[in-house]
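S.K.: Below is the structure I would like to discuss, written out as structure tokens.
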Amino acid sequence: MTENIFTLLTQEVRGALTGLVPDLPAEALARVQVEPPRDATHGDMATNAALVAAKPARMPPQKLAAALSERLLALPMVTEATPAGPGFVNLRLREDFLRAQVPAVLRAGEAYGQSQAGGGLRVNVEYVSANPTGPMHVGHCRGAVVGDALANLMAKAGFAVTKEYYVNDAGNQVAALGWAAYWRYLRAVTLDADEWNAEATERRFGVTLQYRGDYLVAVGEALAERYGASLVAQQIAPGMLGAEETVSAFAPALERGWLVRTAWLDTCRETAVAMMMSEIREDLALLGVTQDVFLSERALVEAGAVEGAVRLMQDKGLIYEGVLEPPKGKTPDDWEPRPQTLFRATDFGDDVDRPLRKSDGSNTYFANDIACHADKIGRGHELLIDVWGADHGGYVSRMQAAVRAVSDGKVPLEIVLCQIVHVMKAGEPVRMSKRAGTYVTLRDLIEEVGRDAVRFTMLTRKSDAQMEFDLDKVVEQSRDNPVFYVQYAHARCRSVLRQAGDPAVADLVAAPLDALTDAAEMALIRRIAAWPRTVDSAALAREPHRIAFYLQDLAADFHVLWNRGRDDSTLRFIRAEEPDATRARLALVAATATVIRSGLGVMGVTPVEEMR
-8 MTENIFTLLT QEVRGALTGL VPDLPAEALA RVQVEPPRDA THGDMATNAA LVAAKPARMP
52 PQKLAAALSE RLLALPMVTE ATPAGPGFVN LRLREDFLRA QVPAVLRAGE AYGQSQAGGG
112 LRVNVEYVSA NPTGPMHVGH CRGAVVGDAL ANLMAKAGFA VTKEYYVNDA GNQVAALGWA
172 AYWRYLRAVT LDADEWNAEA TERRFGVTLQ YRGDYLVAVG EALAERYGAS LVAQQIAPGM
232 LGAEETVSAF APALERGWLV RTAWLDTCRE TAVAMMMSEI REDLALLGVT QDVFLSERAL
292 VEAGAVEGAV RLMQDKGLIY EGVLEPPKGK TPDDWEPRPQ TLFRATDFGD DVDRPLRKSD
352 GSNTYFANDI ACHADKIGRG HELLIDVWGA DHGGYVSRMQ AAVRAVSDGK VPLEIVLCQI
412 VHVMKAGEPV RMSKRAGTYV TLRDLIEEVG RDAVRFTMLT RKSDAQMEFD LDKVVEQSRD
472 NPVFYVQYAH ARCRSVLRQA GDPAVADLVA APLDALTDAA EMALIRRIAA WPRTVDSAAL
532 AREPHRIAFY LQDLAADFHV LWNRGRDDST LRFIRAEEPD ATRARLALVA ATATVIRSGL
592 GVMGVTPVEE MR
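Sequential numbering from -8 applies to the sequence shown in the numbering used here.
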């Protein structure tokens, strides 16, 4: 754990406040904050202590702020403490205290900013969880980056994080994938694309081929190579099959005179899911995403986890048989005007009760999802975070209600929603992938602009805001491109240090820093010192985009100082005639590079040594 001057000052302020108000309630003390003032001319920090303590102290906030200012002025790191507004206190810190953060950064290295704010709380962050029915697309990409960066961020802030992918390998969509794979197999093994065109296949078997992208060609070829002609559909006359064989056949195809065994479809589905998940893992690896757990929905169902979750809720008296009222407006997919097994979701904050089983006795998707989250709780996770696409926003309240129910309110579920991404090039939308046919794949995007540009850009907007991913802008070498701007700052830092012979960290830690007095130098130091607080606040708010914003501000402060040195030779980083000042500035440059690397590490972006 490294020093966080905001945490240190918060402790000092709380100590001074309890000296003035000894019986201050713990709840009021906990709301005391120290943060940068909105207007930097007011000082280095501001505290709301007098505002939150005024009522329990039975004192006007302005009077309490004045008394608190006197106490804070006695602190060794404070040069000014001034009451302001309705009860704030503005603080200005000693410059030598601020400068001391430079060697603190160098001693800590990229671990600077790590904290115990999370207290080791066991957190499960589930993200991506794309259906294994095709290649990952740009929509999946944003959730993957946001989820991965959030998990990294929370780990840096002291949470014990598990990264998870929930494999949706059960249900109708995966059954449709099995049919699409079977169609591709028939084309591959018979070498007759005309005989087994999509329309003829649908007509013969009474199915709809939902997935027709070329990405399944490889699946069909793999099935043909492994199974030969043993899975090929057979034309049959009525009465040719015995009763047992009829049961094992796909009924709609059989009615049309074709034998397609359900076991064949299972084989095609399993092969397709395995190959799609292998490709998804490869795509995630290209994006720099590796997850700790891949939880299979089908495995949960087959292990009886869904039935176990339903029994658990039944034992709690949270399930009943009933008929839902017809919904107002758009009819949801899970509404049936018949008796169903219903979860008392309204007891846990949802607006209606929710079906767990349909009238035919089959489980709903919601029941499977409850089992998934119950499994996470059973593995000891104390906080669950799911990263979803914004189109799942209507599912939030029911899932949170279910988690409250199965955990007896002990385990929170938080949902981070990611809005759609529009890919643009030359001012026009990019809509198609040659391979997927209908969308831009994640691999297309990475191959076009590179992993680092993809990851950084996806974090330049809050996740619930729509964004345009401009393929031209993200490779543009200008200050308007945040990816370039931050990477350029790091490359400039490294260029300076190489020019100085890459001095040892120990030498820079011991450098006298009195020469760092220019306003631009002090602004950069203040920004560096804010990094630990940025990590904590972004982690607690679950907002990894704050890291991208911080790095852009840090890069801007460094570029300002760089340009000041070009205009004023006395501010140049390396001056042979001033060895002490040179060491001080090199220490500042090295600290800047260290914090940029620390921030890029959270974002999963590789810092560059030089720009090409």
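Glycine is no exception: its CB is placed at the ideal position from the N, C-alpha and C atoms.
Helix, strand or coil for R29, going by three-state DSSP, please let me know.
M.R.: In the structure shown, R29 sits in coil (DSSP, three-state: anything other than H, G, I, E or B).
S.K.: According to DSSP, simplified to helix, strand and coil, what is S469?
M.R.: Three-state result, S469: coil.
S.K.: According to DSSP, P74 sits in a beta bridge with which residue or residues?
M.R.: Paired residues: V80.
S.K.: Would you call the segment 478 to 489 and the segment 572 to 586 touching, i.e. three or more CB-CB distances under 8 angstroms?
M.R.: Contact between the segment 478 to 489 and the segment 572 to 586 is present, because at least three Cβ pairs lie under 8 angstroms.
S.K.: Measure the alpha-carbon distance for A151 versus E216 and round it to whole angstroms.
M.R.: Roughly 45 angstroms between the two C-alpha positions.
S.K.: Go ahead and pull the three-state DSSP assignment for F564.
M.R.: Three-state DSSP puts F564 in coil, outside helix and strand.
S.K.: Look up E155 in the DSSP assignment and give the residues it is bridged to.
M.R.: Paired residue(s): E117 and V284.
S.K.: Tell me the DSSP secondary structure of D435 in three-state form.
M.R.: In the structure shown, D435 sits in a helix (DSSP, three-state: H, G or I).
S.K.: Would you identify the three-state DSSP class for W379, choosing helix, strand or coil?
M.R.: W379: strand per DSSP, three-state reduction.
S.K.: Ends of the alpha helix (DSSP H) at Y176?
M.R.: Run containing Y176: N163 to T181, per the alpha helix (DSSP H) assignment.
S.K.: How close, in whole Å, do the beta carbons of R389 and R345 come, if the pair is a contact with beta carbons under 8 angstroms?
M.R.: With a Cβ gap of about 5 angstroms, R389 and R345 count as contacting.
S.K.: Counting only runs that start and end within the segment 434 to 509, where is the beta strand (DSSP E) found for 3 or more residues in a row?
M.R.: Those beta strand (DSSP E) runs which fall completely within the segment 434 to 509 and span 3+ residues are 458 to 461.
S.K.: For I310, report the span of its beta strand (DSSP E) as first-last.
M.R.: Element bounds for I310: I310 to G313.
S.K.: So what does L374 bridge to, in DSSP terms?
M.R.: Answer by DSSP bridge pairing, in chain order: V114.
S.K.: Would you mind reading off the limits of the beta strand (DSSP E) that contains Q331?
M.R.: Here the beta strand (DSSP E) through Q331 covers Q331 to F334.
S.K.: Find the nearest neighbour of N159 within the set L291, R5, G418 and Q24, judged by alpha-carbon distance.
M.R.: For the residues L291, R5, G418 and Q24, the minimum Cα distance to N159 belongs to L291.
S.K.: Smallest Cα separation from E3: which of P51, V69 and D14?
M.R.: Minimum Cα distance to E3 is reached at V69.
S.K.: Is there a Cβ from chain C that is less than 7 angstroms from the Cβ of T281?
M.R.: Absent here is chain C; the protein component of the structure consists of one chain.
S.K.: DSSP state of V223, grouped into three classes?
M.R.: If DSSP states are grouped into helix, strand and coil, V223 belongs with coil.
S.K.: Checking 7 angstroms against the spacing of the C-beta atoms, do A506 and A567 come in under that value?
M.R.: No; because the gap between Cβ atoms is not below 7 angstroms, this pair is not in contact.
S.K.: Work out the CA separation of S287 and L222 for me, nearest whole Å.
M.R.: Taking the straight line joining both Cα atoms gives about 26 angstroms.
S.K.: I want to know whether the segment 353 to 373 touches the segment 398 to 418 - three or more CB-CB distances under 8 angstroms.
M.R.: Output reads yes: the segment 398 to 418 touches the segment 353 to 373.
S.K.: Determine the DSSP secondary structure at K416, reduced to helix, strand or coil.
M.R.: Of the three classes helix, strand and coil, the one that applies to K416 here is strand, per DSSP.
S.K.: Which of helix, strand or coil does DSSP assign to E3?
M.R.: E3: helix per DSSP, three-state reduction.
S.K.: L82: which of W255, V116, P27 and A99 sits nearest, CA to CA?
M.R.: It is P27 whose Cα lies nearest to the Cα of L82.
S.K.: Alpha carbon to alpha carbon, what distance is there between Y476 and A495?
M.R.: Near 27 angstroms, if we compare the C-alpha coordinates of Y476 and A495.
S.K.: From which residue to which residue does the alpha helix (DSSP H) around M268 run?
M.R.: That run of the alpha helix (DSSP H) goes T253 to L277.
S.K.: Does M145 pass the burial test, meaning 16 or more other C-beta atoms within 10 Å, or should it be called exposed?
M.R.: M145 comes out buried.
S.K.: Is F241 near the ligand SAM - that is, is its Cβ less than 6 angstroms away from at least one heavy atom of it?
M.R.: Annotation note on the ligand SAM: not contained in the displayed structure, which lists no ligands.
S.K.: In angstroms with no decimal places, state the Cα-to-Cα distance between A56 and A21.
M.R.: If I take the Cα positions, the gap works out to 17 angstroms.
S.K.: Please determine, among G197, L577, A41 and I310, the residue with the shortest C-alpha to C-alpha distance to E512.
M.R.: If we check each option's Cα against that of E512, L577 comes out closest.
S.K.: Counting beta carbon pairs with one atom in the segment 523 to 532 and one in the segment 93 to 109, are three or more of them shorter than 8 angstroms?
M.R.: Enough Cβ pairs lie closer than 8 angstroms, so yes.
S.K.: Hey, A619 and M266 are a contact pair by Cβ (cut 8 angstroms); roughly how many whole angstroms apart?
M.R.: The question about residue 619 has no answer, for the chain in this structure spans -8 to 603.
S.K.: Please state whether DSSP places N354 in a helix, a strand or coil.
M.R.: Residue state, collapsed to three classes: strand.
S.K.: DSSP three-state label for A184, please.
M.R.: Reduced to three states, the DSSP call for A184 is coil.
S.K.: Specify, as a first and last residue, the run of the beta strand (DSSP E) that A37 falls within.
M.R.: Taken as a continuous stretch (DSSP letters only), the beta strand (DSSP E) holding A37 covers M36 to T38.
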